[in-house]
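Participant: Mapping to our numbering: the sequence shown position 84 is 211, numbers consecutive. Using N, Cα and C, we set each Cβ at its ideal position, and we do this for glycine too. I am attaching a structure below and will ask some questions about it afterwards.
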Amino acid sequence: MDGSHLPDDLATTDLATRLRRGELPKVEAPDPLAPGDECHFVSPGRVGRRRVDQYGHLVLTSGWLKFRGTVDVSVAWGEVADVQCARREVVVSLRDSRRLLRFSCHSEAETARGALIAQHLAQSAQAATADSETSFHHAAL
Numbered sequence: 128m129d130g131s132h133l134p135d136d137l138a139t140t141d142l143a144t145r146l147r148r149g150e151l152p153k154v155e156a157p158d159p160l161a162p163g164d165e166c167h168f169v170s171p172g173r174v175g176r177r178r179v180d181q182y183g184h185l186v187l188t189s190g191w192l193k194f195r196g197t198v199d200v201s202v203a204w205g206e207v208a209d210v211q212c213a214r215r216e217v218v219v220s221l222r223d224s225r226r227l228l229r230f231s232c233h234s235e236a237e238t239a240r241g242a243l244i245a246q247h248l249a250q251s252a253q254a255a256t257a258d259s260e261t262s263f264h265h266a267a268l
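Following this line, the structure appears as structure tokens:
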């Protein structure tokens, strides 16, 4: 079941349950991806806070948060400190920076789904980084 025929709140709850089980949705990427990278979310929208900001597509892959439009943005999940959902915006804070990236989707439900997937991917990257740092520390001892 992909959740596409469920009401928005049930589809989001279903997605959260699947993410907890490690089941990420797979969708077709608008652009070719690097080998081994999978696309999990694509949504038309804009980047920034003003209505005149750049339009394009928010793309969430296993390795990257990307925005493809007249201005391209690419951020590796390891660079993401936190992801929040604020109504129709996915708000991304970066590590070692005060900078916030704001991505607006067309609906609150679509934004909620994108934010859930982004949170999962960012947390997975943080866990992988912590595991590799622990392994490196133990190997150094």
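For His233, which residues from the same chain have a beta carbon less than 6 Å from its beta carbon, with the 5 sequence-adjacent residues on both sides left out?
Facilitator: Locating residue 233 in the sequence shown gives position 106, counting from the first residue. Around His233: no qualifying Cβ.
Participant: Output needed for Ser251: all residues of its chain with C-beta closer than 8 Å, excluding positions within five of it in sequence on either side, in chain order.
Facilitator: The residue given as residue 251 occupies position 124 in the sequence shown. Hits under 8 Å: Trp204.
Participant: Going by the beta-carbon positions, is the gap between Val174 and Phe230 smaller than 8 Å?
Facilitator: Counted from its first residue, the sequence shown places residue 174 at position 47. Counted from its first residue, the sequence shown places residue 230 at position 103. Result yes, Cβ atoms of Val174 and Phe230 sit closer than 8 Å.
Participant: Can you tell me the Cα-Cα spacing of Ser170 and Arg226, whole angstroms?
Facilitator: Working through the sequence shown from its first residue, we reach residue 170 at position 43. Working through the sequence shown from its first residue, we reach residue 226 at position 99. Answer to the nearest angstrom: the Cα atoms are 22 Å apart.
Participant: Can you tell me whether Gly130 is helix, strand or coil according to DSSP?
Facilitator: The sequence position of residue 130 within the sequence shown is 3, counting from 1. The predicted position of Gly130 is uncertain, since its pLDDT is 45 and thus under 50; a value taken from the coordinates is nonetheless stated next. Correct three-state label for Gly130: coil.
Participant: Measure the beta-carbon distance from Arg244 to Phe168 and round it to whole angstroms, keeping in mind my assumption that it falls under 8 Å.
Facilitator: For the purposes of this step, residue 244 is taken as residue 117 along the sequence shown, with counting starting at 1. For the purposes of this step, residue 168 is taken as residue 41 along the sequence shown, with counting starting at 1. Here the sequence assigns Ile to residue 244, which means Arg is not the residue at that position. Their Cβ separation, rounded to whole angstroms, is 5 Å, which keeps Ile244 and Phe168 in contact under 8 Å.
Participant: Check His233 in the structure and name its three-state DSSP category.
Facilitator: Your numbering for residue 233 matches position 106 in the sequence shown. DSSP places His233 in coil when its eight states are reduced to three.
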